[in-house]
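Step one of this worksheet: look at the structure below.
There are 2 protein chains.
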Amino acid sequence: MEQSVGDLLKSRGLRSTAQRRAILTALLGHPHSTASDLVKRRIGVGESGPLGLSKQGLYNVLEDLANAQLVRCIEPAGSPTLYELRVGDNHHHLVCRKCGLVEDVDCAVGVAPCLDPVERKGFAIDEAEIIWWGLCAQCQEAVADS
Amino acid sequence: MEQSVGDLLKSRGLRSTAQRRAILTALLGHPHSTASDLVKRRIGVGESGPLGLSKQGLYNVLEDLANAQLVRCIEPAGSPTLYELRVGDNHHHLVCRKCGLVEDVDCAVGVAPCLDPVERKGFAIDEAEIIWWGLCAQCQEAVADS
DNA sequence: GTGCTAGATTTGACTATGTCAAGTCTTTGG
DNA sequence: CCAAAGACTTGACATAGTCAAATCTAGCAC
Numbered sequence: 001m002e003q004s005v006g007d008l009l010k011s012r013g014l015r016s017t018a019q020r021r022a023i024l025t026a027l028l029g030h031p032h033s034t035a036s037d038l039v040k041r042r043i044g045v046g047e048s049g050p051l052g053l054s055k056q057g058l059y060n061v062l063e064d065l066a067n068a069q070l071v072r073c074i075e076p077a078g079s080p081t082l083y084e085l086r087v088g089d090n091h092h093h094l095v096c097r098k099c100g101l102v103e104d105v106d107c108a109v110g111v112a113p114c115l116d117p118v119e120r121k122g123f124a125i126d127e128a129e130i131i132w133w134g135l136c137a138q139c140q141e142a143v144a145d146s
Numbered sequence: 001m002e003q004s005v006g007d008l009l010k011s012r013g014l015r016s017t018a019q020r021r022a023i024l025t026a027l028l029g030h031p032h033s034t035a036s037d038l039v040k041r042r043i044g045v046g047e048s049g050p051l052g053l054s055k056q057g058l059y060n061v062l063e064d065l066a067n068a069q070l071v072r073c074i075e076p077a078g079s080p081t082l083y084e085l086r087v088g089d090n091h092h093h094l095v096c097r098k099c100g101l102v103e104d105v106d107c108a109v110g111v112a113p114c115l116d117p118v119e120r121k122g123f124a125i126d127e128a129e130i131i132w133w134g135l136c137a138q139c140q141e142a143v144a145d146s
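The listed protein sequences derive, respectively, from chains A and B.
Position 95 (the first sequence) corresponds to 95 in my numbering; numbering is contiguous.
Position 32 (the second sequence) corresponds to 32 in my numbering; numbering is contiguous.
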């Protein structure tokens with residue numbers, strides 16, 4: 001599996017480095033991670049313990065992975081950028097206003113842009129991004145209790 | 001009109017101050033302004049010339065106006081927070097990937113949440129936020145010319 | 001009109017998130 | 001193994017915003 005992560009990188013024309021494998025592996029375990037989540041977890045590499053990675057290196061890697069279509073970024077209002085591995089399926093997101101929990105939701109249509117605006121205003125549209133805002137189950141309970 | 005801006009504030013239980021009137025007036029003229037757009041324009045007040053306003057004051061005013069439902073914030077990925085006056089009509093946005101231009105689009109349904117997700121995952125959803133990404137007419141031309 | 005007080009604003013330090021540029025190190029093909 | 005393109009590190013810097021404490025003022029009571 002560690003091997004396949006390396007192959008995945010190479011198949012996209014990227015060199016297989018310890019840092020990139022570590023970040024991909026970390027994202028496999030934690031979808032919707034922020035850059036600082038990854039730093040806090042110290043990006044463990046398989047059995048071999050924690051690996052440090054510079055802040056700049058982290059942003060470089062994430063940018064490279066995003067350019068190679070291996071990760072996708074989302075930026076819900078009020079949250080730092082989140083990185084996730086699911087790409088190419090044009091899915092959308094549920095975001096909790098209180099705790100920030102993010103859940104994936106499949107797109108009913110499947111291909112971007114899955115939704116047409118009422119007016120196009122001359123734009124060439126390539127994607128419809130949808131975020132549903134609300135309260136997650138746990139935060140609803142917390143509100144009900146108070 | 002300056003008067004009506006003051007009345008609008010009072011009707012929401014906010015004091016009518018020069019700073020708040022100035023910001024509301026500035027937003028009337030420039031929808032989709034960032035905080036720094038407002039600072040750069042120095043927030044002219046009617047005939048009476050430019051008025052300075054501290055950075056903190058600006059954020060306080062914008063927060064107060066947002067709490068009073070007089071302005072709405074949007075945060076497209078890669079852009080600082082934008083403030084706009086249209087509220088309560090649940091409209092959506094077109095955003096240009098290249099120049100950042102933002103256009104309003106009416107919502108076909110009209111009331112939030114205007115769209116249901118395929119799966120709800122236990123969330124109590126109160127709003128569906130939609131951003132259509134693409135290139136505005138002008139940036140399409142620029143690309144075609146190159 | 002005057003004074004009071006809750007509410008509004010200012011000031012200045014600080015935080016979070018990220019970018020830029022230059023130099024060093026490493027992966028990979030030959 | 002070696003060279004060189006590509007990847008990573010370091011450290012300064014930028015942007016967008018937050019926090020806390022002091023000061024000021026709009027709007028009300030008189």
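Glycine included, each C-beta is placed from N, C-alpha and C at the ideal position.
Quick check on DSSP: helix, strand or coil for Q140 (chain A)?
Taking the first sequence and counting its residues from 1, one reaches residue 140 (chain A) at position 140. Looking at Q140 (chain A) - three-state DSSP - the assignment turns out to be helix.
Three-state class that DSSP yields for G122 (chain A) in the structure shown:
Stepping through the first sequence from its first residue, residue 122 (chain A) is reached at position 122. DSSP places G122 (chain A) in coil when its eight states are reduced to three.
Which residue wins for smallest C-alpha separation from C114 (chain A), given the options A:G134, A:V39 and A:D89?
Reading the first sequence from its first residue, position 114 is the one you call residue 114 (chain A). Ranking A:G134, A:V39 and A:D89 by Cα distance to C114 (chain A) puts A:D89 first.
Where E103 (chain A) sits in the DSSP three-state scheme
Your numbering for residue 103 (chain A) matches position 103 in the first sequence. In this structure, E103 (chain A) counts as strand in the three-state DSSP scheme.
So what's T17 (chain A) in DSSP terms, helix, strand or just coil?
As a working mapping, residue 17 (chain A) is identified with position 17 in the first sequence. It is coil, neither helix nor strand.
V5 (chain A), DSSP secondary structure in three states
Counting from 1 along the first sequence, the entry for residue 5 (chain A) is found at position 5. The answer is helix: DSSP assigns V5 (chain A) an H, G or I state.
When the Cα of L28 (chain B) is compared with those of B:V71, B:A128, B:H92 and B:W133, which residue comes out closest?
Indexing the second sequence from 1 puts residue 28 (chain B) at position 28. With distances taken between Cα atoms, L28 (chain B) lies closest to B:V71.
Out of curiosity, what's the CA-to-CA distance linking D147 (chain A) and C99 (chain A)?
Nothing can be reported for residue 147 (chain A), as the shown portion of chain A is limited to 1 through 146.
Classification of E47 (chain B) by the beta-carbon crowding that lies within 10 angstroms, buried from 16 upward:
Start at 1 with the first residue of the second sequence, and residue 47 (chain B) comes out as number 47. With a pLDDT of 34 at E47 (chain B), under the threshold of 50, the modelled position of this residue cannot be trusted; read the value that follows with caution. With fewer than 16 other Cβ atoms within 10 Å, it is exposed.
Beta carbon of R15 (chain B) nearer than 8 Å to that of V5 (chain B):
Position 15 of the second sequence, counted from the first residue, corresponds to residue 15 (chain B). Position 5 of the second sequence, counted from the first residue, corresponds to residue 5 (chain B). No, Cβ-Cβ distance for R15 (chain B) and V5 (chain B) is not below 8 Å.
For L82 (chain A), which residues does DSSP report across the bridge?
Numbered from its first residue, the first sequence carries residue 82 (chain A) at position 82. Its beta-bridge partners are A:T34 and A:I74.
Express the C-alpha separation of L62 (chain B) and L53 (chain B) in angstroms, rounding to a whole number.
Counting from one through the second sequence, the residue named residue 53 (chain B) turns up at place 53. Counting from one through the second sequence, the residue named residue 62 (chain B) turns up at place 62. Roughly 12 Å between the two C-alpha positions.
Between L58 (chain A) and G78 (chain B), what straight-line distance do the alpha-carbon atoms span, to the nearest angstrom?
If you number the first sequence from 1, residue 58 (chain A) lands on position 58. If you number the second sequence from 1, residue 78 (chain B) lands on position 78. Roughly 18 Å between the two C-alpha positions.
In whole angstroms, give me the CA-to-CA distance for A35 (chain B) and N60 (chain B).
For this step, residue 35 (chain B) is matched to residue 35 along the second sequence. For this step, residue 60 (chain B) is matched to residue 60 along the second sequence. So the alpha carbons of these two residues sit roughly 11 Å apart.
Per DSSP, which residues does G134 (chain A) bridge with? Please list them.
The count along the first sequence starts at 1 and reaches residue 134 (chain A) at position 134. According to DSSP, G134 (chain A) bridges with A:C96 and B:I125.
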